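A.B. asks: Have a look at this one before I ask anything.
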Amino acid sequence: MKRKWTLFVSILMVLLLAATGCGSTNGASGDATKDPIKIGWIGSLTGDQAPWGKCESQTVQMLIDETNANGGVLGRQLELVALDTKGDANEAVNAVKRLVSQDKVCAILGPNASAQALAITGVLESAGVSDIATVATNPKITVKDDGSVNKYNFRVCFTDPYQGSVAAGYAADVLKYKNAAILYDVASDYSQGFMQYFIETFEAKGGTIVAKEAFKAGDTDFRPQLTKIKKANPDVILMPYYYKEVALSANQARDLGITATLMGGDGWPSDTLFEMAGKSLEGSYVVNHFDYNDPEVKPLTEAYIAKYGTTPEINCYMVHDAYKVLLAAIEKAGSADPQAITDALTQVQVKGVTGTIKLGEKTHNPEGKEAAIQKIQLNPETGEYEYAFMQKYGAN
Amino acid sequence: MSVFLQQLINGLSIGSIYALMAVGYSLVYSILNFSNFAHGGVIMLGAYIGLYALHLLPMSFLGALIIAALGAGLIAVVLEKVAYSPLRKRNAPSLYFIISAMGASIFLENLVIATIGPTFKTYPEIFNPVPFTFGSISVSRIDVLMFVIAAISLAILVFIIEKTKVGLAIRACSYSSRGSNLMGVNVNRIIFVIFLLGGMLAGVAGMLFGMKYTVYPQIGVITNKSFIAAVFGGLGSLPGAVVGSLLLGLIETLSSAYIASQYRDLIAFTLLIVVLVIRPSGIMGKITEDKA
Chain S
1 MKRKWTLFVS
11 ILMVLLLAAT
21 GCGSTNGASG
31 DATKDPIKIG
41 WIGSLTGDQA
51 PWGKCESQTV
61 QMLIDETNAN
71 GGVLGRQLEL
81 VALDTKGDAN
91 EAVNAVKRLV
101 SQDKVCAILG
111 PNASAQALAI
121 TGVLESAGVS
131 DIATVATNPK
141 ITVKDDGSVN
151 KYNFRVCFTD
161 PYQGSVAAGY
171 AADVLKYKNA
181 AILYDVASDY
191 SQGFMQYFIE
201 TFEAKGGTIV
211 AKEAFKAGDT
221 DFRPQLTKIK
231 KANPDVILMP
241 YYYKEVALSA
251 NQARDLGITA
261 TLMGGDGWPS
271 DTLFEMAGKS
281 LEGSYVVNHF
291 DYNDPEVKPL
301 TEAYIAKYGT
311 TPEINCYMVH
321 DAYKVLLAAI
331 EKAGSADPQA
341 ITDALTQVQV
351 KGVTGTIKLG
361 EKTHNPEGKE
371 AAIQKIQLNP
381 ETGEYEYAFM
391 QKYGAN
Chain W
1001 MSVFLQQLIN
1011 GLSIGSIYAL
1021 MAVGYSLVYS
1031 ILNFSNFAHG
1041 GVIMLGAYIG
1051 LYALHLLPMS
1061 FLGALIIAAL
1071 GAGLIAVVLE
1081 KVAYSPLRKR
1091 NAPSLYFIIS
1101 AMGASIFLEN
1111 LVIATIGPTF
1121 KTYPEIFNPV
1131 PFTFGSISVS
1141 RIDVLMFVIA
1151 AISLAILVFI
1161 IEKTKVGLAI
1171 RACSYSSRGS
1181 NLMGVNVNRI
1191 IFVIFLLGGM
1201 LAGVAGMLFG
1211 MKYTVYPQIG
1221 VITNKSFIAA
1231 VFGGLGSLPG
1241 AVVGSLLLGL
1251 IETLSSAYIA
1261 SQYRDLIAFT
1271 LLIVVLVIRP
1281 SGIMGKITED
1291 KA
């Protein structure tokens, strides 16, 4: 008896799917209808990354509610279809397949992880629907190895190499440094990309790279390289690697009597960095995605806390900006057609909470987006080191 | 000139850490004819013991150093009983000892990750962090301390080996453990002493390493370099281990200073291979028939 029922329900579902599929090949997201515009979201709602995914999907829901309350877009309401990827690349592919074939979404927001964002490239391309990733920083998500762009992959976070340009620009233009030295991890893509773009930008702005020294992840002693750097007498030393080596090399630099300013990126922040090398890092600059204390960021934080009762993760801010870009693109396209939206994504510029975002046509990355420059300072009241927000800063 | 002097000091400082660790390898190799790859694990545990001794008990640096040395010595002895002694009793080939050592090393690392955690831990600031400066040359206090403690530890070790009865037995065993056994030397006791001494040196090395850099479960990896230094100097020879370590430290530093830092390991190890091709037993090693 049970088997008969299962069979019956299965047949019914297949028929239903077929019916919706046939009836709306180019209809559901068309302009004439007053149906809600569907926006997809994928990310982890279960598994290790669930706290981030949950925060991200809740933020999108909150923003959509807000937009709907203000009359929606193009005179239509918005509807969110959020699907769980369980933090798994295969699940991400399945979720996107469902969103584009069954739910007929106009575009997709998320995921936050690079592996999932890379995995969905093929499905997006065959369906002609765009995705805006939130915190996936791997350069290959939007630009292939041969330099061509993945047509339907976009993102709102900066890439690893981008940090290099920002750091170099800030060092040359704002801090007015002329000579820079670099210590980098020869075995890390992150470090190499960061360094390469730092050099290009710094030299283009008239600066000189006076020393470029390498080490390999796992090394603990950097004094031979730092001794050479000291002799070159730089104004600033770029340290584009992760916090353990940052702490060790910063301590050793100060031991050797190096007084140059130290600079790094989003590989620095960690709970133990200051414990290991607080004093050595005092006065250093860090390029970060954004700053929690930035006045432009605070209203969103407060709105989120008011609605959900907890403090938001970084994903809240990134998906907020991804949503803003998408909304602007829908308005610019004047329709909910996925291809029209894709074409419009690189034509709009929005002011998000993490900076001004304009997605580049050749890269699909935010171009000239302002990163948050933070300075490490001792708080005289608490006696602890902390990141002080200096300013938003873009590379161009 | 001052840069060259600074680089020499850097090289000697790195070399003296390698030396403290390399001597432990050589001690075991000289008697048992195999390389104790679990030595790195003992060094790592020594670093943790020293850290907790300083944190939990309100004691001086010297007290914590002694506890770290004794604790690591004890661990090395237990390791010998569990991982090597059963193999020795069965006359297993050297290869089995090496496999057992690697297993023990992985076990110790994962034990620490599972119980203490994988994060980095820092030693409290014991000594004035301001380095000594001579013109533009600077030497950190901890480097001077390491050099002195390494020298004292090695001197004590040499004294034990050269001047005491146990030392005589160790030297006899290192020539021929079977012959010494026939002459009435208790080889098991000598092996106990060897692991205790090697372990205590590992404890000292671990604590100093932790103070200078930081403590984490993978610090044993650095012993790969000190093992290579021991081979370079001549496995089984204590002076060889020290000389090999200091030379490796200097070669690494100078090649990164005057050739290119990205090729440092490549240059240093090419040089080592060349030396070993010319002189397979290392700079000061005795010729042995089967090397592990």
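First to last, the sequence lines map onto chains S and W. All residue numbers for the first sequence refer to our numbering, where the first residue is 1 and numbers rise by one. All residue numbers for the second sequence refer to our numbering, where the first residue is 1001 and numbers rise by one. By construction, the Cβ of each residue, glycine as well, lies at the ideal position given by its N, Cα and C atoms. Being a predicted model, the structure only gives us computed values, none of them experimental.
1. Starting from residue 43(S) and walking both ways along the beta strand (DSSP E), at which residues does that stretch end?
2. In chain W, which residues lie with their C-beta within 7 Å of the C-beta of residue 276(S)?
3. Secondary structure at residue 1133(W), three-state DSSP: helix, strand or coil?
4. Let me check understanding here. Comparing Cα to Cα, which of 66(S), 106(S), 52(S), 73(S) lies closest to residue 81(S)?
5. In terms of residue numbering, what span does the alpha helix (DSSP H) encompassing residue 191(S) cover?
6. At a Cβ cut of 9 Å, what residues of the region 1204–1228 of chain W count as close to chain S, listed as they run along the chain?
7. Find the nearest neighbour of residue 347(S) within the set 337(S), 358(S), 339(S), 354(S), judged by alpha-carbon distance.
8. By Cβ distance, which residues of its chain are closer than 7 Å to residue 1249(W), with the 5 residues on each side in sequence left out?
9. When you compare the region 164–182 of chain S with the region 198–214 of chain S, are there three or more beta-carbon pairs, one atom per stretch, that lie closer than 8 Å?
10. In terms of residues, what are the limits of the alpha helix (DSSP H) holding residue 1240(W)?
11. By the three-class DSSP mapping on this structure, what secondary structure does residue 1138(W) have?
12. By DSSP, does residue 263(S) sit in helix, in strand, or in coil?
13. Quick check on the burial criterion: 16 or more other C-beta atoms within 10 angstroms. Buried or exposed for residue 1055(W)?
14. Grab me the residues of residue 180(S)'s own chain with a C-beta within less than 8 Å of its C-beta, minus the 5 sequence neighbours each way, in chain order.
15. Measure the CB-CB distance between residue 1009(W) and residue 1190(W) and report whether it falls below 9 Å.
16. Which residues does DSSP list as the beta-bridge partners of residue 130(S)?
17. Name the chain W residues that come within less than 8 Å of residue 234(S), Cβ to Cβ?
18. Per DSSP, what kind of secondary structure is residue 25(S) in: helix, strand or coil?
19. Counting pairs of Cβ atoms below 8 Å between the region 296–307 of chain S and the region 335–345 of chain S, do you hit three or more?
20. Taking only beta-carbon positions, decide if residue 1112(W) is within less than 9 Å of chain S.
21. Under 9 Å Cβ-Cβ, which residues of chain W neighbour residue 161(S)?
22. If you measure from the beta carbon of residue 214(S) to each beta carbon in chain W, is any gap under 9 Å?
23. So what does DSSP say about residue 185(S), is it helix, strand or coil?
24. Can you name the residues that DSSP bridges to residue 386(S)?
25. Can you give, in chain order, each stretch of the beta strand (DSSP E) that sits fully within the region 342–367 of chain S and has at least 3 residues?
26. Assign residue 245(S) to buried or exposed, taking buried as 16 or more other Cβ atoms, counted over all protein chains shown, within 10 Å of its Cβ.
27. Check residue 1110(W) in the structure and name its three-state DSSP category.
28. One question on the structure: do residue 1135(W) and residue 1027(W) come within less than 9 Å of each other, judged by their Cβ atoms?
29. Have a look at 219(S), 216(S), 212(S), 50(S) and flag the residue whose alpha-carbon is nearest the alpha-carbon of residue 232(S).
30. Alpha carbon to alpha carbon, how far is residue 35(S) from residue 85(S)? Give it in angstroms, no decimals.
31. Closer than 7 Å, Cβ to any Cβ of chain W: which residues of the region 251–284 of chain S, in chain order?
32. The ligand SAM and residue 128(S): does the residue's C-beta get closer than 8 Å to at least one heavy atom of that ligand?
33. Alpha carbon to alpha carbon, how far is residue 1114(W) from residue 1217(W)?
34. If we call anything under 9 Å between Cβ atoms a contact, is residue 1123(W) one with residue 1214(W)?
35. Quick one: does residue 411(S) have its CB under 9 Å from some CB of chain W?
36. Quick one: any contact between the region 1233–1245 of chain W and the region 1086–1094 of chain W, if contact means 3 or more CB pairs under 8 Å?
C.D. replies: Well, looking at it:
1. 37–43
2. 1120, 1122, 1214
3. strand
4. 106(S)
5. 189–204
6. 1209, 1212, 1213, 1214, 1216, 1218, 1219, 1221, 1222
7. 358(S)
8. 1011, 1012, 1014, 1015, 1018
9. yes
10. 1238–1258
11. strand
12. strand
13. exposed
14. 168, 171, 198, 202, 207, 208, 209, 210, 234, 235, 236, 237, 238
15. no
16. 107(S)
17. Within chain W, no residue comes near residue 234(S); the closest Cβ sits about 15 Å away, beyond 8 Å.
18. The pLDDT assigned to residue 25(S) is 41, lower than 50, so where the model puts this residue is not dependable; a value taken from the coordinates is nonetheless given after this. In the structure shown, residue 25(S) sits in coil (DSSP, three-state: anything other than H, G, I, E or B).
19. no
20. no
21. Near residue 161(S) there are no residues of chain W at all, since even the closest Cβ is about 19 Å away, more than 9 Å.
22. yes
23. strand
24. 377(S)
25. 349–351, 356–358
26. buried
27. helix
28. no
29. 212(S)
30. 27 Å
31. 255, 256, 257, 272, 275, 276
32. As far as ligands go, the structure on display features none, and thus does not contain the ligand SAM.
33. 10 Å
34. yes
35. Here chain S comprises residues numbered 1 to 396, so residue 411(S) is not present and cannot be evaluated.
36. no
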